[in-house]
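Enquirer: Numbering (numbering that gives the first Met the number 0), first residue to last: 0 to 682. Here a beta-carbon is modelled for each residue, glycine too, at the ideal position from N, C-alpha and C.
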Amino acid sequence: MASLRNANPRLKNYFKENYIPQVCEALLCGILVTCPEDPLRYLEGMIMVIIKSGLQNLLWDMCIAPSMKPNIRRLSETYLEQLFELDDQLMTPELMIKACSFYTGHLVKTHFCTWRDIARTNENVALAEKMNRAVTCYNFRLQKSVFHHWHSYMEDQKEKLKNTLLRIQRIIYCHKLSIILTKWRNRARLKSKKKEDELILKHELQLKKWKNRLILKRATAEESNFPEQSSSEGSLVDETLKCDISLLPERAILQIFFYLSLKDVIICGQVNHAWMLMTQLNSLWNAIDFSTVKNVIPDKYILSTLQRWRLNVLRLNFHGCLLRPKTFRSVSHCRNLQELNVSDCPTFTDESMRHISEGCPGVLYLNLSNTTITNRTMRLLPRHFHNLQNLSLAYCRGFTDKGLQYLNLGNGCHKLIYLDLSGCTQISVQGFRYIANSCTGITHLTINDMPTLTDNCVKALVEKCSRITSLVFTGAPHISDCTFKALSTCKLRKIRFEGNKRVTDASFKYIDKNYPNLSHIYMADCKGITDSSLRSLSPLRQLTVLNLANCVRIGDMGLRQFLDGPASIRIRELNLSNCVRLSDASVMKLSERCPNLNYLSLRNCDHLTAQGIGYIVNIFSLVSIDLSGTDISNEGLNVLSKHKKLKELSVSECYRITDVGIQVRSLRSSVREVLTLALCSDY
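Laid out in structure tokens, this is it:
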């Protein structure tokens, strides 16, 4: 076929405008596929079909029967455009891209399938190896865990056996001590009885002499005249009157009767008329303590007592009393009542509190610890007790956060100074927010035995209670260093944390920076405290009491750094019990830097020797010392006998002290008030 590439453009346009390539393509395809017996007749018929349908609707497979149409896809408008070379190129870029894409995809598919089959085979092998290693590792860990449990069990059994042996030894030792004490007591009783008998005999002799003298005076009086007899009788009466206690000033009588319990006062009032008048002094009934006679005096007597002295009573104590509601209601007649203690009273209810609050609006101190009060009582407090200063709600679990919200009603409890919430585990963070809103003047806060207390609770409380100066948190294991950071806005003077493992040295850094006026620090049994904490406390010039008992990580280095600061000058009480890392060097530093130290506890400091005991004598201001559980011997006790001001000495569980050491100390030392020798095996 001749090429039209170089033909006249007019000819090319003619071909395109009249669809010559499409007509030829359709007819040629029909002949090639159909293969008719008479091609000319077939072409004639197909031309008529093309004329009827129009050139615009012409398709390349129009001349092919539907059943014989091939399933092929065209790549361009017509194959004959290329055949007649109407296009500029035989192969277009689109066709090249499609061809390359198809070839590349087919190649990738082929290689990927091959790689997948190989990878699956290798993966199965690797997975099998990993499973074997995993089974081996699991069996090893299982054996290790079983062995660990077995080892722990054996250690516990050994510890139990050891404790059992120690307990048996202690029982034997206590039995031995009881035998010794019994013998000593019997001997002491015998001597005391002998001394009493001698004293009674002496008094009998004096009485006999006095009777003889009296008989002689009577005989002489009979011989004399009547005026002389009357004068002698008057002198005897005067001598008797000098022994009458009712002649003492009222202030002295009150001071004597204040030392007696309510039961003793009642007994004294039954002696005679004069004593009865003394027991009816108004000032004597300002404070009535029924807790000492709660099992003796019935409700009837309590009612009559409150009714009689209702205008004089200022302080009432019903601690632990099991009384009827009517008895509690009678308290409302004491209009001048200022202090009321109904702690541990199981029968005290909200109704009793309602009567008391309506009749005694001047209450300043209110102790409701361990009672069954609910939110009703909490609603009464701000309405009636406008001057309430001290409030104890310890172990009262009947009220909720809503009850604390009631504290802000009316005039509120804005004069509250002391608040005790020990054991109130039902209080949430929102409850502490209510306390902060209603009791902004709190200065003393006590929260003991409260495992639900967290740092967020303290943060919510101190947002508005910035006047807190005394803080007691014992039995709050979830308190951490964040609490000290939150308390930086308060001017603390006294803090007490016991048994907390989350308090670390970081807390003491806050103390150094934010609490310069601290005077009392109780941080007993805080395992996270180290020598760094003591170094942070050394700048506190007002510190007088420091308790770091059971802080086992404290050593000589930390104590020396603490004593080198100004805090050592004013320190009066220092408790370092069970600080087992302390040695003689610490005691030497104490003798050099603590001129005002009065109370010192070095209980169970095993590294303390006789040399350290010698340094204790140089602490001239020392009044009381506890050396229990140390290695002190008779020589050390002899050295301590040279101290002139020491009044109390405890050397319990010091097994090297014997009777000889006690005797030598008794002879050489001055008068002592207390000497504790419990569990000294040789004594």
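Assuming Phe431 is part of the alpha helix (DSSP H), what are its boundary residues?
Expert: Element bounds for Phe431: Val428 to Ser437.
Enquirer: From the DSSP output, in three-state form, read off Asn633 for me.
Expert: Helix.
Enquirer: Taking 8 Å as the limit between beta carbons, can you name the residues of its chain near Asp480, skipping five residues before and five after?
Expert: So the qualifying residues of the chain are Arg501, Val502, Thr503, Ala505, Ser506 and Tyr509.
Enquirer: Taking buried to mean at least 16 other C-beta atoms within 10 Å of its own C-beta, is Glu24 buried or exposed?
Expert: Answer is buried; the Cβ neighbour count reaches 16.
Enquirer: Since Arg314 sits in a beta bridge, which residues does DSSP pair it with?
Expert: According to DSSP, Arg314 bridges with Ala286 and Glu338.
Enquirer: Taking the C-alpha atoms as reference points, what is the distance between Arg132 and Asn121?
Expert: Roughly 17 Å between the two C-alpha positions.
Enquirer: What three-state label does DSSP hand Ser567 in the structure shown?
Expert: In the structure shown, Ser567 sits in a helix (DSSP, three-state: H, G or I).
Enquirer: Could you say which of Leu321, Leu305, Ser282 and Ile656 lies nearest to Val295 if we only look at CA atoms?
Expert: Minimum Cα distance to Val295 is reached at Leu321.
Enquirer: Hey, would you say Gly319 sits closer than 9 Å to Cys359, going by beta carbons?
Expert: Not a contact, by the Cβ cut-off of 9 Å.
Enquirer: Nearest-angstrom Cα distance between Leu403 and Thr373?
Expert: Approximately 10 Å, taken between the alpha carbons.
Enquirer: Do you know how far the Cα of Arg432 is from the Cα of Gln425?
Expert: Spanning the two alpha carbons is a distance of roughly 14 Å.
Enquirer: The alpha helix (DSSP H) spanning Val32 covers which residue range?
Expert: Val32 -> alpha helix (DSSP H) spans Ile19 to Thr33.
Enquirer: So is Lys643 buried or exposed if we call it buried at 16+ other beta carbons inside 10 Å?
Expert: Exposed.
Enquirer: Taking the straight line between their C-alpha atoms, what separation do you get for Thr135 and Lys143?
Expert: In a straight line, the C-alpha of Thr135 is about 12 Å away from that of Lys143.
Enquirer: Taking all protein chains shown into account, do 16 or more other C-beta atoms lie within 10 angstroms of the C-beta of Pro381, making it buried, or fewer, making it exposed?
Expert: Buried, since its Cβ has 16 or more Cβ neighbours within 10 Å.
Enquirer: By the DSSP assignment, the alpha helix (DSSP H) with Thr739 in it spans what residues?
Expert: With the chain covering 0 to 682 only, the question about residue 739 has no answer from this structure.
Enquirer: Note down, in chain order, each residue of its chain lying with its Cβ closer than 6 Å to the Cβ of Ala475, except the 5 sequence neighbours on either side.
Expert: These residues qualify, in order along the chain: Met449 and Leu452.
Enquirer: Going by CA-CA distance only, name the one from Glu634, Gly635, Asp37 and Asp625 that's closest to Ser651.
Expert: Ranking the options by Cα distance to Ser651, first place goes to Asp625.
Enquirer: For Phe496, list the residues DSSP reports as bridge partners.
Expert: Answer is Phe472, bridged to Phe496.
Enquirer: State buried or exposed for Phe225, treating a residue as buried only when at least 16 other CB atoms are found within 10 Å of its CB.
Expert: Note that Phe225 scores 44 on pLDDT, short of 50, meaning its location in the model is unreliable; the coordinates nonetheless yield the value given after this. By the neighbour-count rule (16 or more Cβ atoms within 10 Å), Phe225 is not buried but exposed.
Enquirer: Are the beta-carbon atoms belonging to Leu310 and Arg328 less than 9 Å from one another?
Expert: No. Outside cutoff.
Enquirer: When DSSP labels each residue in this structure, what does Glu195 get in the three-state scheme?
Expert: Glu195: helix per DSSP, three-state reduction.
Enquirer: Under the three-state reduction of DSSP, which class applies to Val295: helix, strand or coil?
Expert: Three-state DSSP puts Val295 in coil, outside helix and strand.
Enquirer: Quick check: is any heavy atom of the ligand SAM less than 8 Å from the C-beta of Ser506?
Expert: With respect to the ligand SAM, the structure offers nothing, as it holds no ligand at all.
Enquirer: Which value, in whole angstroms, describes the spacing of the CA atoms of Ile179 and Leu189?
Expert: Near 15 Å, if we compare the C-alpha coordinates of Leu189 and Ile179.
Enquirer: Identify, in the order they occur along the chain, each residue of the same chain with its Cβ nearer than 7 Å to the Cβ of Gly613, setting aside the five sequence neighbours on each side.
Expert: Excluding residues within five positions, the ones whose Cβ falls inside 7 Å are Val638.
Enquirer: Are there 16 or more other CB atoms within 10 angstroms of the CB of Trp284, so buried, or fewer, so exposed?
Expert: Per the 10 Å Cβ criterion, buried.
Enquirer: Measure the C-alpha to C-alpha separation of Glu154 and Val145 and round it to an integer number of angstroms.
Expert: Straight-line Cα distance between these residues: approximately 14 Å.
Enquirer: DSSP three-state call for Tyr614: helix, strand or coil?
Expert: Helix at Tyr614.
Enquirer: For Gly361, I'd like the list of residues in its chain whose CB is within less than 8 Å of its CB, leaving aside the five on either flank, ordered along the chain.
Expert: Same-chain partners within the cutoff: Arg334, Asn335, Leu336, Gln337 and Asn386.
Enquirer: How is Ile96 classed by DSSP in three states: helix, strand or coil?
Expert: In this structure, Ile96 counts as helix in the three-state DSSP scheme.
Enquirer: Determine, using beta carbons only, whether Leu39 and Leu26 come nearer to each other than 9 Å.
Expert: The answer is no: Cβ separation not under 9 Å.
Enquirer: Which ranges would you report for the alpha helix (DSSP H) in the region 405–430 if only whole runs of at least 4 residues count?
Expert: As far as the region 405–430 is concerned, it has no whole alpha helix (DSSP H) run of at least 4 residues.
Enquirer: Taking the alpha-carbon positions, what's the Gln541 to Arg307 distance?
Expert: Gln541 and Arg307: Cα-Cα distance of roughly 49 Å.
Enquirer: What do you get for Gln254, buried or exposed, if any count of 16 or more other CB atoms within 10 angstroms of its CB means buried?
Expert: Exposed, because fewer than 16 other Cβ atoms sit within 10 Å of the Cβ of Gln254.
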